[in-house]
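Contents: one structure, followed by commentary.
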Amino acid sequence: MESMHNDVTATGHAARIATVDALLPAPFPFEVNGDATVLSAQVGATGAAGLATHTELGADSPQSIWRALAEHRLEVQLAGPDPAAALDALLTRWDEHLRTLARPGDPECAAVLSRPSRDTAGTAELLRHGFAPAGVIAVRPAQRMAAPGPAATPGVCIRHATPDDLDTAVGLMLELQRYDAQFGRVTVRPGAEEVVSKELLRQLERPEPQVWIAELYGQPLGMAVLQMPDETSWIKHRVAASRVGYLSSLAVAEAARSAGVGTALAAHAHQVFDEAGADVVLLHHALANPRSTPFWYAQGYRPLWTGWQRRPAVR
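Be aware that the sequence shown starts at 1, since it is given in full-length UniProt numbering, and climbs by one per residue.
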């Protein structure tokens, strides 16, 4: 009976999401593996189903910079006339579930869920349950026009990075992480420099590294790291598109901000993606970041998925 109820919810959820945003992929019924748990709630004619999962990382894992070490996730499906009330009931059910699993007050344990950004039903309920919108997966369709600006930024030269740029690249990435750590998505850990150095060196030693350096009057002051469409299988399921580019990071030294370096790097990245035949480009950014949020939307991006977080997961 539970399975049938969840199938009905999945079908109704898919029909509802199809009207929300044309770039959202079609959702599928939950696949329950390992210790995943399906939670459900019913409010009148509205059903809610959630797939609750749990993952843990060591503090030395490269991914640990971008999340809490223990993460409880909920994938949500809503169907019926009152999705906000059904989500409220499902979150209450999830809270009960989390209290059996998570240690209260643990800052390295987070409760996380992603919602389509334009599916705003239930936003007030998420806030009441103590969740905050922490990050966004933003999307930019190919050939999208950015805000008008100069065709080129005087004094800025963009070139392929080489292994000789490693120290510059690491410095820019660590500066970016320290700034982003203020907004809840990034946790700067003791081994961050070593993790960043290893990953950037791996990128720089590739035959055709997609790491680009921006020089302002000869000084390397900005960097962009790209993932081309044949490398993005880990995220392409989040968007209804065949060829998906991913902009891993764009960093500009504080001394060069507002000088056009970031805009020049973004324009160059989009040209590279267009030449590779990308239908869309995705990126993550911290929603509360007062620099990145207006910057990316001026470059033609818009929010596709919003990541909500409560950390600690149980207070």
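Ideal Cβ positions, reconstructed from N, Cα and C, are used throughout, including at glycine.
- In this structure L24 is in contact with A240, their Cβ atoms being roughly 6 Å apart against a cut-off of 8 Å.
- Rounded to whole angstroms, the separation of the alpha carbons of P62 and V196 is 8 Å.
- If you ignore the 5 residues before and after Q210, its C-beta comes within less than 8 Å of the C-beta of Q203, V225, L226, Q227, M228 and V272, all in its own chain and listed in chain order.
- For E71, the enclosing beta strand (DSSP E) begins and ends at A70 to A79.
- For I158, the beta-bridge partners assigned by DSSP are A214.
- In the structure shown, T53 falls within a strand segment according to DSSP collapsed to helix, strand and coil.
- Scanning its chain for C-beta atoms nearer than 6 Å, with the 5 sequence neighbours on each side dropped, one finds around G277 the residues R243, in chain order.
- Bounds of the beta strand (DSSP E) holding V38 are T37 to V43.
- Looking at the backbone, the Cα of P81 and that of K198 are separated by about 50 Å.
- The region 301 to 315 and the region 121 to 141 touch, with three or more beta-carbon pairs separated by less than 8 Å.
- Inclusion of T9 and A49 in the CB contact set at 9 Å is warranted, their separation being smaller than that value.
- Rounded to the nearest angstrom, the gap between the Cα atoms of G34 and I65 is 25 Å.
- As a beta-bridge residue in DSSP terms, Q219 pairs with L216.
- The beta carbon of A264 lies closer than 7 Å to those of T153, V156, I158 and A214 in the same chain, with the five residues before and after it left out.
- With 16 or more other CB atoms across the displayed protein chains lying within 10 angstroms of its CB, P220 is buried.
- Around the Cβ of A15, a 10 Å sphere holds fewer than 16 other Cβ atoms; the residue is exposed.
- Fewer than three beta-carbon pairs drawn from the region 91 to 108 and the region 245 to 255 are found closer than 8 Å, and the two stretches are therefore not classed as touching.
- The continuous stretches of alpha helix (DSSP H) do not include R206, and DSSP gives it neither H nor E.
- Boundaries of the beta strand (DSSP E) harbouring Q309: R302 to R310, taken from the DSSP string.
- DSSP places T46 within a strand segment (E or B) once states are collapsed to three.
- For V170, the enclosing alpha helix (DSSP H) begins and ends at L166 to D180.
- Secondary structure note for V272: its alpha helix (DSSP H) is the uninterrupted segment V261 to E275.
- In this chain, the beta strand (DSSP E) harbouring H284 covers V280 to A286.
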